[in-house]
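For the sequence shown, position 25 (counting from the first letter as 1) is numbered 53 according to the numbering used here, and the numbering increases by one without interruption. Inspection log for the structure reproduced underneath, given as structure tokens.
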Amino acid sequence: MPPGGHLSTALRCGPELSSPEGVEAQTCVVVRGEDVWARTYHRNLTGGTLDAALALLGPDRRSVRSRCALSAGDDPSLCETPSVRIAGAPAEYTAVAEFARYTASADGTGDGLLLRSGSNSAAGEGR
29 MPPGGHLSTA LRCGPELSSP EGVEAQTCVV VRGEDVWART YHRNLTGGTL DAALALLGPD
89 RRSVRSRCAL SAGDDPSLCE TPSVRIAGAP AEYTAVAEFA RYTASADGTG DGLLLRSGSN
149 SAAGEGR
């Protein structure tokens, strides 16, 4: 890259979704130069801390995953996976985020999924 040059960033995002419980999210695949990663923009209006699991799924059947804790509040925030070098076409990558409120139970299960958001979700496909 020439001195002083910059790389543009491309985003491919699914629709903005919300759950009846108060989770709002939009999940994207981010491409900059030869790097790709997943990003989810979210807002947690549930009143409690949530767990977000974010995955970038590549054309080579590999995935990169991150977990983020979401504090309750009206402020929007984001969660990202680490970036990886693109293998194949950028359009072959997808991102999926799942938001859940977990409480410890004897069998290790939690309260379940509140919202699933993807980079290529159909509008209205939230849960």
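C-beta atoms are modelled at their ideal positions from N, C-alpha and C, and glycine is treated no differently.
As computed with DSSP, Arg144 is found in a beta bridge with Glu126.
By the 16-neighbour rule on beta-carbons within 10 angstroms, Arg93 is exposed.
Annotation for Thr74: Glu49, Gly50, Val51, Ala100, Arg129 place their beta carbon closer than 7 Å to its own, counting only its chain and skipping 5 residues before and after. For Glu108, the enclosing beta strand (DSSP E) covers residues 101 to 108. Rounded to the nearest angstrom, the gap between the Cα atoms of Ala53 and Asp63 is 23 Å.
Annotation: Arg90 is outside any beta strand (DSSP E) and is labelled neither H nor E by DSSP. The alpha-carbon separation between Glu126 and Ser91 amounts to approximately 15 Å. Per the coordinates, the alpha-carbon of Asp88 lies some 38 Å from the alpha-carbon of Asp102. For Tyr69, the beta-bridge partners assigned by DSSP are Gln54, Leu106.
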